[in-house]
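*Asks:* Residue numbers (this note's numbering): 317 to 719.
Quick one: the structure is below, questions incoming.
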């Protein structure tokens, strides 16, 4: 959903700024009215980012996770929101985080909700974090959702760390192998061209050698143009990923990727099921729960499918049917939701589904990490073997002819 920045005034006349994720400007106005805020200006787009020293900076995810967990502990212990933010701001060692928390406290003191205050700093708090906090605030389980969001961030960082750790050695080998192979093809292979010329004229040059020589000629003639084109394509793709259409395309591509796609999809479905189940357990109506939980997936394609399911439910359908029609949810998940709806136990089953998906994702991740290194080594071995065979075959042919 699009994000709207707003300027409003409370009953005391104080100016409050923030951001909301909503379907339309009318929905933003309605939400502000529910909070007894008088809208002054509402514009599409994100609010100002956190700045320090003239440069936009981020906060390390581990530090952010610790801060959210501490906030959850403080609130659970009965410490008021403003006091909790004040404590966290004073003890923050990171200057960017200290400035951000101070601004969040100021916004909350002026009447803004915590999620709206966090949304002012998109470089620090992701859409998922803001959506989760919004769900907790509206559902009455903010302390729990802060701790759970911290757990999500730690889980994602653990996943990233494990993948990077497993891929570092194979990646270094791949870079070294690619560099050596490129140098070999561009500078070394052409020296064999004259040697193989007689076989080429006679039409006896092996196919592998023909392909290798053609690749060498191509790289020598157009190598710089190819590099420039790849750099340009990368810059264009990066720009497209900052558009709504580009993000939807990228999110769809991620969940369809071999091996990793299932892991990404299971993580997104797990987040959706856990947030939806927790909202329902706390008495939030199903349609509002779907609207909030759809933002928690971190994937726009999946969010669109969930929003469509909400539209179908409002017309009298069950939840399981539109989820199954989307083709994104595992069949077992759809079946469990269908049975849960019939038994009127949807909220508890959804949390159980999330737990099961988390366990399954852990197993899939472990398998992927174990297979990553040998897979990359195998690819490099095949490339090197191709080059060696392509050079040796004609040499062996000429040796046999001379013998």
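Even glycine gets a Cβ: it sits at the ideal position worked out from N, Cα and C.
Rounded to whole angstroms, what's the CA-CA distance from residue 702 to residue 614? Just pull it up for me.
*Replies:* Here the question's residue 702 lines up with position 386 in the chain shown. Here the question's residue 614 lines up with position 298 in the chain shown. When rounded, the distance between both Cα atoms is 41 Å.
*Asks:* Helix, strand or coil, according to DSSP, for residue 372 in the structure here?
*Replies:* Indexing the chain shown from 1 puts residue 372 at position 56. For residue 372, the pLDDT reaches just 49, beneath the cut-off of 50, and the residue's location in the model is therefore unreliable, leaving the point undetermined.
*Asks:* Would a C-beta distance cut-off of 8 Å place residue 593 and residue 667 closer than the cut-off?
*Replies:* Your numbering for residue 593 matches position 277 in the chain shown. Your numbering for residue 667 matches position 351 in the chain shown. Yes.
*Asks:* Using the three-state DSSP reduction, which class does residue 613 fall into: helix, strand or coil?
*Replies:* On the chain shown, position 297 is the one that residue 613 refers to. DSSP places residue 613 in coil when its eight states are reduced to three.
*Asks:* Return the first residue and the last residue of the alpha helix (DSSP H) that residue 638 is part of.
*Replies:* On the chain shown, position 322 is the one that residue 638 refers to. Residue 638 -> alpha helix (DSSP H) spans 636-642.
*Asks:* Only counting runs of 4 or more residues, tell me where the alpha helix (DSSP H) segments fall wholly within the stretch 546-584, in order along the chain.
*Replies:* If we require 4 residues or more, the alpha helix (DSSP H) runs fully inside the stretch 546-584 come out as 560-572.
*Asks:* Please return the same chain residues whose Cβ sits closer than 7 Å to the Cβ of residue 410, not counting the five positions on each side in sequence.
*Replies:* Residue 410 sits at position 94 when you count from the first residue of the chain shown. Within the same chain, residue 410 has close Cβ partners 375, 379.
*Asks:* Could you check whether the stretch 644-651 touches the stretch 578-587, counting it as contact only if at least three pairs of C-beta atoms, one from each stretch, sit closer than 8 Å?
*Replies:* Yes, they touch.
*Asks:* To the nearest angstrom, how far is it from the Cα of residue 349 to the Cα of residue 653?
*Replies:* Within the chain shown, the letter at position 33 stands for residue 349. Within the chain shown, the letter at position 337 stands for residue 653. When rounded, the distance between both Cα atoms is 35 Å.
*Asks:* Run the CB neighbour count on residue 520, radius 10 Å, all protein chains shown included, and call it buried at 16 or more, exposed below.
*Replies:* Translated into positions along the chain shown, residue 520 becomes position 204. Residue 520 comes out exposed.
*Asks:* Would residue 452 be called buried (16 or more neighbouring beta carbons within 10 Å of its own) or exposed?
*Replies:* Counting from 1 along the chain shown, the entry for residue 452 is found at position 136. Per the 10 Å Cβ criterion, buried.
*Asks:* Alpha helix (DSSP H) containing residue 448: first to last residue?
*Replies:* Against the chain shown, residue 448 aligns to sequence position 132. Per DSSP, residue 448 belongs to the alpha helix (DSSP H) from 443-455.
*Asks:* Ignoring anything shorter than 3 residues or poking outside the stretch 374-451, list the beta strand (DSSP E) runs there in chain order.
*Replies:* For the stretch 374-451, not a single whole beta strand (DSSP E) run of length 3 or above is found.
*Asks:* Which of the three DSSP states, helix, strand or coil, is assigned to residue 486?
*Replies:* Residue numbering aside, residue 486 sits at position 170 when the chain shown is read from its first letter. Helix, per DSSP.
*Asks:* What's the C-alpha gap between residue 603 and residue 630?
*Replies:* Position 287 of the chain shown, counted from the first residue, corresponds to residue 603. Position 314 of the chain shown, counted from the first residue, corresponds to residue 630. Using only the alpha carbons, I get a separation of about 7 Å.
*Asks:* Tell me whether residue 364 is buried or exposed, calling it buried when 16 or more other Cβ atoms sit within 10 Å of its Cβ.
*Replies:* The residue given as residue 364 occupies position 48 in the chain shown. With a pLDDT of 44 at residue 364, under the threshold of 50, the predicted position of this residue should be treated as unreliable, though the coordinate-derived value follows. The residue in question, residue 364, is exposed, as its Cβ has fewer than 16 Cβ neighbours within 10 Å.
*Asks:* Identify which residue in 681, 706, 483, 465 has its Cα closest to the Cα of residue 531.
*Replies:* Along the chain shown, read from residue 1 onward, the residue named residue 531 stands at position 215. With distances taken between Cα atoms, residue 531 lies closest to 706.
*Asks:* In this structure, does DSSP put residue 505 in helix, strand or coil?
*Replies:* Translated into the one-based positions of the chain shown, residue 505 becomes position 189. If DSSP states are grouped into helix, strand and coil, residue 505 belongs with coil.
*Asks:* To the nearest angstrom, how far is it from the Cα of residue 300 to the Cα of residue 493?
*Replies:* One cannot answer for residue 300 here, as it falls past the ends of the chain, which runs 317 to 719.
*Asks:* Residue 708: buried (16+ other C-beta within 10 angstroms of its C-beta) or exposed?
*Replies:* By 1-based counting over the chain shown, the position of residue 708 is 392. Result: exposed.
*Asks:* By DSSP, does residue 600 sit in helix, in strand, or in coil?
*Replies:* Here residue 600 is taken as the residue at index 284 of the chain shown, counted from 1. Coil, per DSSP.
*Asks:* Based on Cα-Cα distance, which residue from 535, 393, 459, 387 lies nearest to residue 421?
*Replies:* Position 105 of the chain shown, counted from the first residue, corresponds to residue 421. Considering only alpha carbons, the answer is 387.
*Asks:* Using only alpha-carbon positions, find the residue among 358, 509, 427, 423 that is nearest to residue 711.
*Replies:* Taking the first residue of the chain shown as position 1, residue 711 is located at position 395. It is 509.
*Asks:* For residue 463, collect the residues of the same chain with a Cβ closer than 6 Å to its Cβ; drop the 5 residues on either side in sequence, then sort them by chain order.
*Replies:* Here residue 463 refers to the residue found at position 147 when the chain shown is read from its first residue. Closer than 6 Å at the Cβ level, and outside the excluded window around residue 463, lie 385, 388.
*Asks:* Assuming residue 595 and residue 608 make a contact with CB atoms under 8 Å, what is their CB distance in whole Å?
*Replies:* For this step, residue 595 is matched to residue 279 along the chain shown. For this step, residue 608 is matched to residue 292 along the chain shown. Between residue 608 and residue 595 the Cβ distance is about 6 Å, and since that is below 8 Å, they are a contact.
*Asks:* From the DSSP output, in three-state form, read off residue 633 for me.
*Replies:* Start at 1 with the first residue of the chain shown, and residue 633 comes out as number 317. Looking at residue 633 - three-state DSSP - the assignment turns out to be coil, as it is neither helix nor strand.
*Asks:* Use the C-beta contact count for residue 663: other C-beta atoms within 10 angstroms, 16 or more gives buried, fewer gives exposed.
*Replies:* If you number the chain shown from 1, residue 663 lands on position 347. When all chains shown are included, residue 663 counts as buried.
*Asks:* Using the three-state DSSP reduction, which class does residue 652 fall into: helix, strand or coil?
*Replies:* Residue 652 sits at position 336 when you count from the first residue of the chain shown. DSSP places residue 652 in helix when its eight states are reduced to three.
*Asks:* Counting beta carbon pairs with one atom in the stretch 486-501 and one in the stretch 389-397, are three or more of them shorter than 8 Å?
*Replies:* With the cut-off at 8 Å, the stretch 389-397 and the stretch 486-501 do not touch.
*Asks:* Under 6 Å Cβ to Cβ from residue 670, same chain only, skipping five residues before and after it: list those, please.
*Replies:* Counted from its first residue, the chain shown places residue 670 at position 354. Counting only Cβ-Cβ distances below 6 Å, and skipping sequence neighbours, we find 586, 589, 590.
*Asks:* Output the distance between the C-alpha atoms of residue 686 and residue 578, rounded to the nearest integer angstrom.
*Replies:* The residue given as residue 686 occupies position 370 in the chain shown. The residue given as residue 578 occupies position 262 in the chain shown. The alpha-carbon atoms of residue 686 and residue 578 are separated by roughly 16 Å.
*Asks:* Considering only residues of the same chain and omitting the five flanking positions on each side of residue 490, which have a CB-CB separation below 8 Å?
*Replies:* In the chain shown, the residue the question calls residue 490 occupies position 174. Excluding positions up to five away in sequence, the list reads 692, 695, 696.
*Asks:* Tell me whether residue 366 sits in a helix, a strand or coil according to DSSP, three-state version.
*Replies:* The residue labelled residue 366 in the question sits at position 50 within the chain shown. Below a pLDDT of 50, predicted positions are generally treated as unreliable, and residue 366, at 46, falls in that range; no measurement from the model is reported.
*Asks:* For the alpha helix (DSSP H) that residue 515 lies in, which residues bound it at each end?
*Replies:* Within the chain shown, residue 515 is the residue found at index 199, counting from 1. Note, residue 515: alpha helix (DSSP H), 513-517.
*Asks:* Just to confirm, is the Cβ distance from residue 535 to residue 564 under 8 Å?
*Replies:* Start at 1 with the first residue of the chain shown, and residue 535 comes out as number 219. Start at 1 with the first residue of the chain shown, and residue 564 comes out as number 248. Against a cut-off of 8 Å, the Cβ pair of residue 564 and residue 535 comes out as no contact.
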